[in-house]
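Presented below is the structure to which this report refers.
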Amino acid sequence: MTDDTAKRDYKDTVFLPKTPFPMKAGLPQKEPGIEARWREIDLYRKLREARAGREKFILHDGPPYANGDMHIGHALNHILKDTVCRTQNLMGKDAPYVPGWDCHGLPIEWKVEEQYRKKKKNKDEVPAKEFRAECRAYAQKWVDTQREQLKRLGIMGDWDNPYLTMDFQAEATIVAELCKFAESGNLYRGSKPIMWSPVEKTALAEAEVEYEDLTDSPQIDVAFEITESPIEELVGAHAVIWTTTPWTIPVNQALAYGPDVEYEIVEACPYFSNAYLTPEQSAAIEKRLVEHLPWMSGSRRLLVAKDLGEAVASRLTKAAAAVDVSDLGLEKVGIVLDYPGTGPNLYVKGFELAGTKARHPMHHLGGFYAAPRPFLEGDFVTTDSGTGLVHMAPDHGEDDFDLCKANGLNPVFAVMDDGRYRDDWLWLGADDKDEDGKERRRSVINKPFNSPEGPICSDLREAGALLSASADYAHSYPHSWRSKAKVIYRCTPQWFVPMDKELEPVPGAKPSALHDMSLEDIEAAAKDGAALGQAQDERDTLRTRAMSEIDRVEFIPPKGENRLGSMVEGRPDWVLSRQRAWGVPITLFVRPDGTYLQDPEVNARVVAAIAEAGVDAWEEARKAEFLGDAHNPDEFEMVTDILDVWFDSGCTHSFVLESGRWPDLQWPANLYLEGSDQHRGWFQSSLLQSCSTRGRAPYDQVLTHGFTMDAKGKKMSKSLGNTVSPLKIMEQTGADIIRLWALSVDFTEDHRIGDEILKGVGDQYRRLRNTFRYLLGALDGFVGDMGDGGEIPELELYVLSLLSELDAKLKKAATEYDFNTYTRLLVDFCNEDLSAFFFDIRKDTLYCDGDDSTARNAYRTVLDLLFHALVRYAAPVLVFTSEEVWQTRYPQDGEREGSVHLLEWPSVPAVPADRAKWDALRALRERVTEAIEPLRREKVIRSSNEAVVTVPASAVPEGVTDEQLAELFITGTVTRSSEGGEVTVTKSSDNKCGRCWRLLPDVAADGDLCGRCAEVVGE
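Pasting the structure below:
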C-alpha cells in the first residue's frame, strides 16, 4: 500500500442519502403555509370529487358553543373527528365533514350581559331585538375565530359552509321539529320542580349543571309539634326533621315517613361534665340553656328514627356544647336522648304514623302556616342520614312534588325567578323587615340568609323549633356551569315532552318493541307466544323507543350504553322551555284554559316567517298574520319562552343531514363523537328528538372521549392556573405535536397533558420525522427498477411481511376508531422494526454497495414500498408533516395541485416469511447487542464493527451463515460455539476497510479496501 493510497478519502465513493427534507421540523413556521396551500387548491372539495360515488361515511359534528377561544378539550375533540374522517377517506369511503356551532342559549347571553354589566347597562331595559342582534354578532365573532383556529389545527372540512344553529333556515327547521311534537300532542304545559338558576333567572338542563364539593353547607334540625295522631302518646311530642336547605322550611307543607322505618319517642335531656351539681347550679344551667336553646323550654319529647337517635343526639350535643357555662362551674353541656330515669321509650312502626299531623313552627303567622302538616308515607325515606323524617316542600323537590301532589297538596310558587320569596309571602316576603325597616329577604342561595345566624334560623330559634344549626356539612351541590352560582329545584310552569305517553307510530319506522327482532326471532317467539306477546303489549313511548335504540346502537367504549341507558331509563319528562331571550321561540298559541293550538297551516306560516327573518319574526305584531282568518287573535296568547338549547342541537341531524343544503351528507349518521358528558347532553337530546319524530336514533354508533386533565391528573381550571392552551402549543411546537399527543393517549378515558408529556410526544415526533427523512434520502434518484422479484433477500421479505401485518392491524384499529393503538403501532414499527433493525442492518448495503447491486436495489425497492405505505398511514395523524414529506419527494404533484390527503390506503403485498426463524434471530441479535455494550462502555471497542462475536450454535436457525449473522449483528465476524449457551465478545484483530469501515479478514492493512469496496470503486 503506497502513501497516496493510505491518504485517500473514499467519502465521495459512498452513496450517502441526500434530501432537502430537514431534520429540524420548524412546524410553527411551515404549517400555516401548508394550510394556506390547501385552502388555495380547495383540498376539501377535491377530496369530495375524488370520493364521489363511493360508500358514504357520515360523522355528524356535535356543535360546540361559539364562545371563546379553542381550548384543549376542543382540540382533542376535533382532532378525533378529523382523524375519523381522514381514515375513512383513506380507506376509500366518501367521508365528508361539515363543522357546526351552537349559537343560541345562556352561555352567549351571559357574555353579552357581562358586557352590559361593565357598562352599567340593564339588559331588561334593552329591546329584545337589539339584545338578540348583539348575541348574534357575538356568536358570529367566535364562530369566525374558532374556525380559523381549527383550520390551523389541520382540521379538514367544509369551512366555507358550516352549519350554525342561528342561521334562519336552521331556526326555521328547529321550529318545524317543535311543531311535530305539538301537532302530535307530545307537548304539554305543567308545573314541576326543575333545576333553576336564580342568578340567570332560567330553567337549566342537567347538562348545564356541574357539581361542586362543599364543606360549609348549613344543616339544621327542626322540631314540628304533633297536634293530632291515632297514637295518643305522640300528641304534644315534636317530630324532628333534618335539612341542608333551610330556605325550604318557609314553604313546607308536610312530613314524610318510611313505612318500614322504626321510630321512637325519646326525651332530650342535658348531661353535665360534673358528677354532682347543687340545685342552684342546676337551675342556673337550665336557665342558660333555655336562653340559647329556646326549644328546651317546652316539651323535650322527640320523634326520630331509632337507627338515627345517636346521630341526632350528636348534633344536639354539638349545639349545646356551644353554650358557655364555664362561669357556672362546668366545662360543657351535652344532650342525651332517653336519659336514664325518663321511663320506657315508645316505639312506632312507620306505617302507624298514618293520620298524624303536626303544625308548622311558624304557625303563629296564620294563613299558609296555620294549616296542619300531614304525615305522608314516602318509600324514598331511609335511615341513611338525617332523622328518618323528611320535611316536604312540593315546590322544591321531585319526591316532595310527587308525594304531595298524590295527596292533594299543590305547589305555592313562593320563590320568584330571582330566588327571593314573593312580595306577599307571610314569612320573609316584602313586608317582613328588620328594626331598621329593611327587607330581611334575600335570594334563597344567599349564604348568610341560610346561615345559623340568618333570618330563617333566627326565627325558628325564637319559635322554639331550632334544635341544632351549623355550617359544616360536606356534600356535592349543583351549580350553573356558566355563572358558577348555586342552582335550586323550583316549581314553575314549563313546557315538557312526556317520556311515558303512548306515541303514534312514525310512518316507515318499526315499532320500538320489535325493532331489533329478526323474522327468525319473531317466529321463535311466536311458538311459545310469551316473548312475542310481551313485545307486542309493550307501550310505545318515547322512553321505550329510546331504550330500544340504545340497545341497537353500538357504543365505543361499551360502557357508554349503560351510562346513557341509565339516564334515559330514569329521567323525568323533558323540560323544553327557558325563560331567556336569545334562542328559538316556543312558537305556540295558548288558550285561556291552557290548551294550545294544533293547526298545521298556522305552524307553516310561522316556519316560513322564521326562515325569512329568523327568530325575530316571532312577535306580537304578527300574531294575527300567523293565526289567519280561521282564529281570533284575542283568544290566544303567544308563548314568550325559548327552547332549551339541547333541543336546538338535538335537531341538527334534521337541518344538516336531511336539508339538502349539504348534498354530500345523508341521514342517519354513522357516528356521533363527543365527550362523555354528552350522554346527558347532545347524545340524549338527539336520541329523544329523533325517536319521537322519526322512530329511531339519528346515529348508528356513539364514540365518547374522556376529559383532559393536567399533568398531575387534576381538572383544569383558570383559578388553579393549570390550563394548557392548544394555541400556545401550536405557536411553540406546531399543530402536529398536539395531534400526535391526542392520538397517543387513551382518549376513551380521562387523560393528561403537560410540559413533560408534550416533551415525550416531541421525541416520538422526531423519531417519526427522522424515519421519513431517512426514507427520502435513501430513495434519492430511485426509479423503481430492481429486476427479478425472486432476488429479494430474505431480510427484505421479512420486513415486507411485518409491513403486511402492520397494514392489517392499522386498518382494524382505524375501523374501530382505536387511534391510540393505531399511533402506537405506527411509532413502534418505525422505531423498532425499521430504525433500530432494518435500517440499521442495511445502512452498509445502502451506503457502500454499488449502484447495480441487487441487494441495494432490493433494499431501495422495499424502502419505496415502505415510504408509500407509511406516508399514507401517517397522513391522518401528522397532517402537515406527511404533506411536507410527500411534496418533498413529489414536488411535481404539488404543481398539479395534488396532495397526500387525496391518496387512498396503500396496496401492501401479502408476503410470507419464516416468522419463527426471524423471531429467533432478533432475540439473538438483542443478546449480542447486550454483550457488546459493556466493552463499548469500557472503550475496549468503539463500535460493533470491531467486535468478534461467538454465539451458541443452538441459538442459530438452520440455514443462516456466519457472514449473514455478522451482517445482522453489524459486527466484524461471527463464530459459533457448541459448548454453553453464552454470547461472548472480543475485539477483532482484523484490519479496517478504508471505505466501509468494517473489520474484515480480507483487508490487508488498515485503510485498504475490502473485496466488495475494491470492486465498487474499481481498485
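The sequence shown maps to residues 111 to 1129 in our numbering. The C-beta atom is built at its ideal place from N, Cα and C for all residues, glycine as well. The structure presented is a predicted model; accordingly, all values stated were derived computationally and were not measured.
Whole angstroms are fine: how far does the CA of residue j sit from the CA of residue i?
i, j, result
"S586", "E1043", "57 Å"
"L629", "P986", "Caution is warranted here: a pLDDT of 44 is assigned to L629, below 50, making its placement in the model unreliable, and no coordinate value can be reported."
"G872", "I847", "6 Å"
"Y248", "A238", "15 Å"
"I863", "K261", "22 Å"
"E572", "R530", "22 Å"
"L837", "P138", "11 Å"
"R806", "R673", "19 Å"
"H184", "G791", "16 Å"
"V124", "G960", "9 Å"
"Q788", "A984", "30 Å"
"P450", "R411", "Bear in mind that a pLDDT of 39 at P450, under 50, signals an unreliable position, so the number given afterwards is only what the model happens to contain. Approximately 14 Å, taken between the alpha carbons."
"I660", "E614", "20 Å"
"K311", "D152", "46 Å"
"L399", "A393", "10 Å"
"E258", "I265", "10 Å"
"L324", "H470", "29 Å"
Less than 8 Å between the CB atoms is what I'm expecting for residue i and residue j, so what's the real figure, rounded?
i, j, result
"E335", "A468", "6 Å"
"H170", "Y927", "So it is not a contact: roughly 15 Å between Cβ atoms."
"W996", "L200", "No, W996 and L200 are not in contact; Cβ-Cβ is about 13 Å, not under 8 Å."
"K1027", "P1062", "So it is not a contact: roughly 16 Å between Cβ atoms."
"E993", "I144", "5 Å"
"R701", "F736", "With 8 Å as the limit, R701 and F736 do not qualify as a contact, their Cβ atoms being about 15 Å apart."
"V319", "G267", "31 Å between Cβ atoms; not a contact."
"A595", "I555", "7 Å"
"V414", "Y373", "7 Å"
"L426", "A378", "6 Å"
"S578", "K416", "With a Cβ gap of about 19 Å, S578 and K416 do not count as contacting."
"L536", "G477", "5 Å"
Do residue i and residue j have their C-beta atoms closer together than 8 Å?
i, j, result
"L463", "Y367", "yes"
"F892", "R970", "yes"
"G507", "Y583", "no"
"V345", "S339", "yes"
"H763", "W777", "yes"
"V443", "V433", "yes"
"L288", "I696", "yes"
"A1041", "V1095", "yes"
"A92", "S914", "The shown model of the chain, from 111 to 1129, leaves out residue 92, and the question about it has no answer."
"D456", "I351", "A small fix is needed here, since residue 456 is Leu in this sequence, not Asp. Their beta carbons are not under 8 Å apart, which means L456 does not touch I351 by this criterion."
"L475", "A349", "no"
"I284", "V694", "yes"
"I103", "T353", "For the chain, the structure presents residues 111 to 1129; residue 103 sits outside this window and is missing."
"S553", "P308", "yes"
"L775", "A160", "no"
"G210", "L274", "yes"
Which residue wins for smallest C-alpha separation from residue i, given the options the options?
i, options, result
"A946", "V909, T971, H978", "V909"
"G300", "R158, D534, D505, L260", "D505"
"G704", "I351, T353, Q604, G1128", "Q604"
"A292", "D434, Q256, T803", "T803"
"R118", "E1125, L1119, V1126", "L1119"
"P667", "F757, L570, E784, V616", "E784"
"D179", "V694, D865, K251", "K251"
"L1110", "D1072, N187, G1091, W405", "D1072"
"T843", "D860, T991, D938", "T991"
"P127", "E1007, T881, A1057, L1013", "T881"
"L686", "A721, M609, E679", "M609"
Measuring only between beta-carbons, confirm whether residue i sits less than 8 Å from chain B.
i, result
"V446", "This model lacks chain B altogether, as it is built from one protein chain only."
#### Entry: Every unbroken beta strand (DSSP E) within the stretch 1046-1073, with a cutoff of 3 residues, ordered by chain
1057-1062
### Task
Taking only runs that begin and end inside the stretch 279-362, name each unbroken beta strand (DSSP E) of 3 or more residues, in chain order.
298-307, 319-338, 348-353
### Task
Note down, one range per segment and in chain order, each alpha helix (DSSP H) of at least 4 residues found wholly within the stretch 372-401.
For the stretch 372-401, not a single whole alpha helix (DSSP H) run of length 4 or above is found.
### Task
Could I get the ranges of all uninterrupted beta strand (DSSP E) runs contained in the stretch 881-931, with 3 residues as the minimum, in chain order?
none
### Task
Quick one: which unbroken alpha helix (DSSP H) runs of 4-plus residues sit fully inside the stretch 724-754? Chain order, please.
733-737
### Task
Would you list, in sequence order, the uninterrupted alpha helix (DSSP H) runs of no fewer than 4 residues that lie entirely inside the stretch 824-867?
Within the stretch 824-867, the complete alpha helix (DSSP H) runs of at least 4 residues are 836-842, 845-854.
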